[in-house]
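*Asks:* Following this note's numbering, the numbering of the sequence shown begins with 139 at its first residue and continues without gaps. Beta carbons: idealized from backbone N, C-alpha and C, even for Gly.
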Amino acid sequence: MKPAIKKSLLLTLRDKVSCSQGVQFVGSFFQNPSALMTTFFYVLPQTISKQKISEMWGEDRSSIEALPPEIVEVFSLCGNVLKDKGFLASQIRKIARKKQTGTIQDIIREGKDGLYDAIVFGKKGSNFLEDILYGNLGHEVLEKELAAPVWFCRDPDATRKNVLICLDGSPLGERVADHVGYILHGETHHSVTLLHIDKGQGVNQEKAFHDAIVVLKSYGLTDERIHTSTVKALRVTNTLLESAEQGKFAAIAIGSVGRTASMGICQRIVGAKCKNIFNEIEKTALWIVP
Numbered sequence: 139m140k141p142a143i144k145k146s147l148l149l150t151l152r153d154k155v156s157c158s159q160g161v162q163f164v165g166s167f168f169q170n171p172s173a174l175m176t177t178f179f180y181v182l183p184q185t186i187s188k189q190k191i192s193e194m195w196g197e198d199r200s201s202i203e204a205l206p207p208e209i210v211e212v213f214s215l216c217g218n219v220l221k222d223k224g225f226l227a228s229q230i231r232k233i234a235r236k237k238q239t240g241t242i243q244d245i246i247r248e249g250k251d252g253l254y255d256a257i258v259f260g261k262k263g264s265n266f267l268e269d270i271l272y273g274n275l276g277h278e279v280l281e282k283e284l285a286a287p288v289w290f291c292r293d294p295d296a297t298r299k300n301v302l303i304c305l306d307g308s309p310l311g312e313r314v315a316d317h318v319g320y321i322l323h324g325e326t327h328h329s330v331t332l333l334h335i336d337k338g339q340g341v342n343q344e345k346a347f348h349d350a351i352v353v354l355k356s357y358g359l360t361d362e363r364i365h366t367s368t369v370k371a372l373r374v375t376n377t378l379l380e381s382a383e384q385g386k387f388a389a390i391a392i393g394s395v396g397r398t399a400s401m402g403i404c405q406r407i408v409g410a411k412c413k414n415i416f417n418e419i420e421k422t423a424l425w426i427v428p
């Protein structure tokens, strides 16, 4: 059993719509918010960045009124969403930063420097992250510095619960299980299903299941909360999404598989399967573990 865990999430904000997706997912997913610290992170647009505002803004540096009204409104709206779910004001940090090397790069850098357990993107965040997936922002810094898992929340269904972990038999499966176990520590209303999609490649699924279960149990998940499933299929994306929909899972957790230097930025950073899933997923959040 792990000692008491304090989880830290970086919630990226773009506007009122995007914040409502990522923030509402966090608010509905966690029923034990006392173990969670959240940070709202807003990269100031170029038009606002030209104004006379400090390079980094935080509540410990100045009054919130120093920010443009529209950003104050975003912070307030998103803060109220979490407070309505039982979060305390002390569990919600707010950071606004002038754009430095680019929105994506700034977010990735903050995720690394702040040692967050996950970076959470809402619907608008998913839209501009498509630039990464399709190579428009293929900067090497992303490949080198993507350290924290990323959560994509396009249109999550607040009534869903539980996490579906996709295992392919690679060592990355244990890292995915470690992330999920860490996040679900103390969240006893969620269970985990370990899914192996058998493509006839001779994967030792018993070992894959065993290794992931050992990791999950180290975070206090009991046998009753851990399930396994094997599906024989050739189309990984369709099978995974169908399983998520049938089980009404709140999140799919998958490793960033398929990285090779000869592929595009998506394959090198996220993985080919993740790109396919990203294109199709809607009501279920997608957790990608690097």
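Checking 7 Å against the spacing of the C-beta atoms, do residue 378 and residue 304 come in under that value?
*Replies:* Yes.
*Asks:* Only counting the same chain, and skipping five residues up and downstream in sequence, which positions put a Cβ closer than 8 Å to that of residue 349?
*Replies:* These residues qualify, in order along the chain: 311, 312 and 315.
*Asks:* Who are the Cβ neighbours of residue 427 in its own chain at under 6 Å, not counting the five residues just before and after it?
*Replies:* Taken in chain order, the residues that qualify are 287, 313, 314, 317 and 393.
*Asks:* Grouping DSSP H, G and I as helix and E and B as strand, with all else coil, what is residue 304?
*Replies:* If DSSP states are grouped into helix, strand and coil, residue 304 belongs with the strands.
*Asks:* Please state whether DSSP places residue 348 in a helix, a strand or coil.
*Replies:* The answer is helix: DSSP assigns residue 348 an H, G or I state.
*Asks:* What is the C-beta distance between residue 234 and residue 302, in whole angstroms, given that I count them as a contact (C-beta under 8 Å)?
*Replies:* Incorrect: roughly 35 Å between the Cβ atoms, too far for contact.
*Asks:* Less than 8 Å between the CB atoms is what I'm expecting for residue 255 and residue 149, so what's the real figure, rounded?
*Replies:* The pair is not a contact, with the Cβ atoms about 12 Å apart (cut-off 8 Å).
*Asks:* So, with DSSP's three-state summary, where would you put residue 236?
*Replies:* Looking at residue 236 - three-state DSSP - the assignment turns out to be strand.
*Asks:* According to DSSP, residue 145 sits in a beta bridge with which residue or residues?
*Replies:* In the DSSP output, where bridge partners are listed per residue, residue 145 has 174.
*Asks:* Thinking residue 171 and residue 225 are a contact (beta carbons under 8 Å), I'd like their distance in whole angstroms, please.
*Replies:* So it is a contact: roughly 5 Å between Cβ atoms.
*Asks:* Would you decide whether residue 248 is buried or exposed? Buried here means 16 or more other CB atoms lie within 10 Å of its CB.
*Replies:* Classification for residue 248: buried.
*Asks:* By alpha-carbon positions, which one of 330, 361 and 222 ends up nearest to residue 388?
*Replies:* Of the candidates 330, 361 and 222, the one whose C-alpha sits nearest the C-alpha of residue 388 is 330.
*Asks:* With DSSP run on the structure shown, which of helix, strand or coil describes residue 247?
*Replies:* Three-state result, residue 247: helix.
*Asks:* Identify, in the order they occur along the chain, each residue of the same chain with its Cβ nearer than 8 Å to the Cβ of residue 217, setting aside the five sequence neighbours on each side.
*Replies:* If we look at residue 217 and ignore the five residues flanking it on each side, its Cβ neighbours are 178, 227, 230 and 232.
*Asks:* Count the other C-beta atoms from every protein chain shown that fall within 10 angstroms of the C-beta of residue 352, then say buried if there are 16 or more, exposed otherwise.
*Replies:* Residue 352 comes out exposed.
*Asks:* Under three-state DSSP, which class holds residue 293?
*Replies:* In the structure shown, residue 293 sits in coil (DSSP, three-state: anything other than H, G, I, E or B).
*Asks:* Label residue 158 either buried or exposed according to how many other C-beta atoms from any shown protein chain fall within 10 Å of its C-beta, with 16 as the threshold for buried.
*Replies:* Result: buried.
*Asks:* Rounding to the nearest angstrom, what Cα-Cα distance links residue 360 and residue 366 in this structure?
*Replies:* For residue 360 and residue 366, the distance between alpha carbons rounds to 13 Å.
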